[in-house]
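A.B. asks: For the sequence shown, numbering that gives the first Met the number 0 gives the first residue as 0, with consecutive numbering after it. Once you've had a glance at the structure underneath, I'll fire off some questions.
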Amino acid sequence: MENLIILAFFVATYITAYFLHALQKRKRLKRHIGEMVFLSTFIASIPIFALSYLLNEPYDYYIGVFGIIMFFLSLNGFGITKILEKVDKRKSR
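This is the structure in structure tokens:
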């Protein structure tokens, strides 16, 4: 069951990255929206994981797992955003 939930999170990350990339193409901002979102999530996941060592027994595992999942989802979203940027640049050539 946990594997299905994690798989659903990864699919949701792909969809979010795609929609943020589509929004970026319409807005034409200097910095990519997907990079900003996933980089801030990556930076936020590190203190959340570190916080799990400071808490007491019943909550430390849950917060630690939440930080790890945020870490991997942000890396995944950042990678997908970069791949979409490269594909878009190749199409524009």
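Note that the Cβ used here is the ideal one computed from N, Cα and C, for glycine as well.
I need the DSSP call for Ser44, collapsed to helix, strand or coil.
C.D. replies: Here Ser44 sits in helix by DSSP.
A.B. asks: Looking only at C-alpha atoms, which of Ser51, Ala21, Ile68 and Tyr60 sits nearest to Ile4?
C.D. replies: That would be Ile68, whose Cα lies nearest to the Cα of Ile4.
A.B. asks: Could you give the C-beta distance for Leu22 and Thr80, rounded to a whole number, given that I count them as a contact under 8 Å?
C.D. replies: With a Cβ gap of about 12 Å, Leu22 and Thr80 do not count as contacting.
A.B. asks: Does the stretch 72 to 87 touch the stretch 25 to 41, meaning 3 or more C-beta pairs lie closer than 8 Å?
C.D. replies: Yes, the stretch 25 to 41 touches the stretch 72 to 87.
A.B. asks: With 16 other CB atoms within 10 Å as the buried threshold, where does Ala16 fall?
C.D. replies: Ala16 comes out buried.
A.B. asks: Report all residues from its chain with a CB closer than 7 Å to the CB of Gly63; omit the five preceding and five following residues, and keep chain order.
C.D. replies: For Gly63, where only same-chain residues beyond five positions count, the Cβ hits under 7 Å are Phe48 and Ser51.
A.B. asks: Quick one: what does DSSP say Ser51 is sitting in, helix, strand or coil?
C.D. replies: If DSSP states are grouped into helix, strand and coil, Ser51 belongs with coil.
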